[in-house]
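Working notes, beginning with the structure itself.
Residue numbers (my numbering), protein chains in the order written: chain W, 14 to 546; chain D, 441 to 745.
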């Protein structure tokens, strides 16, 4: 005992004596890691992945601190876990929060730096702009050249990025003319016949000539014209000017918009403040389906938890008897729903509850002559989801309840029997309160799980049946998280809206986070088994 | 006196009768409950042997002309049936590979982190423990956009970790290894007496030696439980895999089955049933064989995902 005493302070700091060899190994591995990280960050920056470079940089700095500072020794045990946590959990969360305050979505997918060149690429034919008839040539490398003939009969040779120069058949490098005065070949290039040139998808996008000097673009199979950039971006005022008529477009929430309301596409990503949250709460187009979705989002987990717990508990009590016959077999058969991967079970139920061919409806039709249309009627679709979730969820409740039941000391029951308590009183006054203390946190966890039970809602009938006339895709069994998924990934022709979807995710996070914190307060989760260190 | 004995006897026998009656009643209820529980499974078994293979034509629980045709179709051995470009056996291998590797790696991360949380005291420890739990509550569905972008960009730099690779998918799964399981593992570690550590320390063993030689062998039961739960969780995931994998040959089983059933589902019922059974059976057997251990792990707070 007295020998162990001096060891104490060292153990508290968590560090034990480290041999020279292991220190050397640690430094060498850290240098290798750093070299890899620097290489990765350089690559990421060169490809324009700035955010990824920053995240990897943060992780690399964290690794160095953890493995160099002695007081960070305990974190060495979880360095890799923390790295993955930052990369795939924390960074995506920050990203989501950021996106919630932007207009990211269809029409606003690009950054401003990407969008402005696209806008400035748009061209128009100014008054007095010259047009030509054209013939295209292509070389082995896939580069093009144009032979241009003006209405006055002047001929030019144009290549992308080179000045357009007058040229004549028979000039050096230019082959002999055919009957129309067009050279049969140009040195290094192959002449394309009219059909081939018209079908070529690259040609209309190529700008021939020197940019800023004279640019010629193909407008249609018979005409190439001297086109000018239509829009010019002015960085100082953050506006775009239409060169054809002088109209000014102002930057309004990521779209250049004129005074008269005309807009230029594409728009770009920009921070729009609380707009998504305001839309979520106030937009009349969203309000109808949202009220329905939020209401159902609370009904669904509530009914699910109550029904699965009630059935699970009932089963647990019924077979709690230690010498009940076939106890083990019964339990094994009853937990089968729990043992099948959820996706498979849900798809199976989709087949069983199929309104036309499903076996459930065949049986119901035979027995009572009628059957609900599970997938098309809103009410029955909700009932079906709750039924399926009862089937999926009761075994878990049964398992945790029977575990908790066994921990209730039997002498309490004996005392109650002596006092003449009826079975119902015993259940109501002893079993239920004691059980709820033990499984209460699990019920809340199950509520939270079902609050975001995307798999069930989405795989069963994808949130259907659809709510008619909804501004966005929404169905009667949609919960917020499946609605978010549809907004973000399944536009259904209405355009994806990452911004709005992220904003709703954050609202969901606050609801679920509040429930979770409440759970921690009300249980002794934070207390630890052995604090006597 | 004899009167009294007789009354006692009658009481006893009536109690015995009552008990028997109650057990009989409960057995009847059990039969109904079991019917509810296994009825979908029975139908799937029946459908998998029913060669007519459409949802509409499945009439009774005992299939007419029972055959193995659906299983042959599943493995593309039926010359008259084309299972699309789908490759069922590959999906199974992919699933086992991805779940197996990510389970092993995440188990390593979880166990070592939990050991530090249980045995060492450091600044920010409690905050980190709470943070780990709270972060998992964030609805990570939307994070999919970011995760997709990260993996895409990784692939541009290191192609082996990019989209449509299993390594990339496994990496993403590892992001979740600092989660609820750390609490589960730490709870178990907290019950292992510290005298064990101290005896090692007196002998001059390093933390890692203590962890490796003394603690790890004691963790076997909980490692099995967490390992199985995490394997099953990964095996059953479809959202992440669906978004990150886009080549039929790379699909995991869940992605493959989901995509297979996407259109004209009622016409693919039989083949789906065979596939579902093959996909579900190993997991069912693991659960049933190890139910006692798994139940122990569950009651400590894991919710099946």
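Glycine included, every Cβ here is placed at the ideal spot set by N, Cα and C.
Excluding five sequence positions before and after residue 512(D), the CB atoms of its chain that fall closer than 6 angstroms to its own CB belong to 518, given in chain order. When only Cα atoms are considered, residue 149(W) and residue 682(D) end up about 45 angstroms apart.
A Cβ-Cβ distance of about 11 angstroms is found for the pair residue 474(W) and residue 386(W), leaving them out of contact under the 8 angstroms criterion.
Within the DSSP bridge table, the entry for residue 93(W) names no partner.
With the rule of 3 Cβ pairs closer than 8 angstroms, the stretch 687–696 of chain D counts as touching the stretch 527–539 of chain D. Only residues of its own chain outside the window of five on either side were considered, and among them 251 have a CB closer than 6 angstroms to the CB of residue 264(W), listed in chain order. In the DSSP annotation of this structure, the continuous segment of the alpha helix (DSSP H) that includes residue 352(W) starts and ends at 349–352.
For the pair of segments examined, the stretch 513–533 of chain W was found not to touch the stretch 589–598 of chain D: the number of CB pairs separated by less than 8 angstroms stays below three. Between the alpha carbons of residue 145(W) and residue 138(W) lies a gap of roughly 13 angstroms. Proximity of chain D to residue 501(W) at the Cβ level (cut-off 9 angstroms) is accounted for by 581, 582, 584, 585, in chain order.
The straight-line gap separating the alpha-carbon atoms of residue 101(W) and residue 280(W) is approximately 29 angstroms. Counting the other Cβ atoms within 10 Å of the Cβ of residue 44(W) gives fewer than 16, which makes it exposed. For the 7 angstroms CB-CB criterion, residue 152(W) and residue 201(W) form a contact. Excluding the 5 residues flanking it on each side, residue 440(W) has same chain C-beta neighbours closer than 8 angstroms at 330, in chain order. Counting other Cβ atoms within 10 Å of its Cβ, residue 373(W) reaches 16 or more and is therefore classed as buried.
Annotation for residue 110(W): 519 place their beta carbon closer than 7 angstroms to its own, counting only its chain and skipping 5 residues before and after. With contacts defined by Cβ atoms closer than 7 angstroms, residue 359(W) and residue 493(W) do not form a contacting pair. Counting C-beta pairs with one atom in each stretch, the stretch 348–359 of chain W and the stretch 711–729 of chain D have three or more that are closer than 8 angstroms, which means they touch. DSSP, reduced to helix, strand and coil, places residue 115(W) within a strand of the structure shown.
At a cut-off of 7 angstroms, the C-beta of residue 205(W) has no neighbouring C-beta in chain D.
With a cutoff of 7 angstroms on beta-carbon distance, residue 87(W) and residue 560(D) are scored as near each other. For residue 496(W), no chain D residue has a Cβ inside 9 angstroms of its Cβ, as the nearest lies near 11 angstroms away. In this structure, residue 286(W) keeps its C-beta atom at 7 angstroms or more from the C-beta atom of residue 116(W). In this structure, the CA atom of residue 497(W) is about 28 angstroms from the CA atom of residue 322(W). Short of 7 angstroms from the beta carbon of residue 112(W), and not among the five residues preceding or following it, lie these beta carbons of its own chain, in chain order: 511, 512, 515.
Counting only runs of 4+ residues, the alpha helix (DSSP H) found wholly inside the stretch 571–606 of chain D occupies 583–597, in chain order. Within the DSSP secondary-structure output, residue 173(W) pairs in a beta bridge with 222(W).
Counting only runs of 4 or more residues that sit fully inside the stretch 507–551 of chain D, the alpha helix (DSSP H) segments are 509–514, in chain order. Within chain W, the residues whose beta carbon sits less than 7 angstroms from that of residue 701(D) are 360, listed in sequence order. Taking C-beta atoms as the reference points, residue 219(W) and residue 157(W) count as a pair closer than 7 angstroms. For residue 480(D), the closest of 120(W), 525(W), 161(W), 371(W) by C-alpha to C-alpha distance is 371(W). Comparing C-alpha distances from residue 495(D) to each of 308(W), 32(W), 368(W), 446(W) shows the shortest one belongs to 368(W). Taking a Cβ-Cβ threshold of 8 angstroms, the residues of chain D close to residue 332(W) are 466, 470, in chain order.
Within the stretch 338–394 of chain W, the runs of alpha helix (DSSP H) at least 4 residues long that lie entirely inside it are, in chain order, 340–347, 349–352, 355–365, 372–381.
Comparing C-alpha distances from residue 491(W) to each of 97(W), 466(W), 273(W), 334(W) shows the shortest one belongs to 466(W). If you draw a straight line from the Cα of residue 710(D) to the Cα of residue 486(D), it is about 9 angstroms long.
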